[in-house]
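Asks:
Numbering (my numbering), first residue to last: 33 to 173.
1) My understanding is that residue 125 touches residue 57, with C-beta atoms under 8 Å, so please give their C-beta distance in whole angstroms.
2) Is residue 176 buried or exposed, if buried means 16 or more other CB atoms sit within 10 Å of its CB?
3) Using C-beta distances below 8 Å, list every residue in its chain close to residue 42, excluding the 5 sequence neighbours before and after it, in chain order.
4) Out of 76, 103 and 70, state which residue places its alpha-carbon closest to the alpha-carbon of residue 122.
5) Rounded to whole angstroms, what's the CA-CA distance from residue 110 to residue 36? Just pull it up for me.
6) For residue 133, which of helix, strand or coil comes out of DSSP?
7) Quick one: give me the first and last residue of the alpha helix (DSSP H) that residue 68 is part of.
8) Shortest alpha-carbon distance to residue 147 belongs to which of 138, 70, 45 and 39?
9) Using CA atoms only, rank isn't needed, just tell me which of 139, 113 and 118 is closest to residue 47.
10) Using CA coordinates, which residue listed in 39, 97 and 75 is at the minimum distance from residue 142?
11) Spatial neighbours of residue 88 within its chain, please: CB distance less than 7 Å, with the 5 preceding and 5 following residues excluded, ordered by chain position.
12) I'd like to confirm the pairing. Which residues does DSSP put opposite residue 50 in its beta bridges?
13) With the cut-off set at 9 Å, would you say residue 85 and residue 59 are in Cβ contact?
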């Protein structure tokens, strides 16, 4: 896996939604989040600017989910249900892209992934500045 990859193709599970992404810093931005939705979804995301994601096919099959403040927009294929990307709440000018949808990349390729404390988001009235909640380390058997 080349962490410096800048442009890569991706797709949902059924291949209805296909896209090309230009990453802001390759795969170096890999992260997880502790907000209620991300915690249940369990995906690892990497960053791309809004103009860095081109939907090549299946835009009509994309559905959107929002919750709480409705600032983040989570996109998924309406046929297979796979989350492909989301417009970030903390950086609305960026998308987070599901690494499991990227060609030749697996979430299990990453040995160490930053986990952001999305459960205590800085835009929530009760929270403090954003912080890293920890790291997820994969141990290979």
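The C-beta atom is built at its ideal place from N, Cα and C for all residues, glycine as well.
Replies: Straight from the coordinates:
1) At roughly 14 Å, the Cβ-Cβ gap does not stay under 8 Å, so residue 125 and residue 57 are not in contact.
2) The chain is shown from 33 up to 173; residue 176 falls before or after that span and cannot be answered.
3) 50, 51, 52, 53, 116, 129, 130, 133, 134 and 135
4) 103
5) 31 Å
6) helix
7) 68-73
8) 70
9) 113
10) 75
11) 50, 51 and 52
12) 43 and 89
13) no
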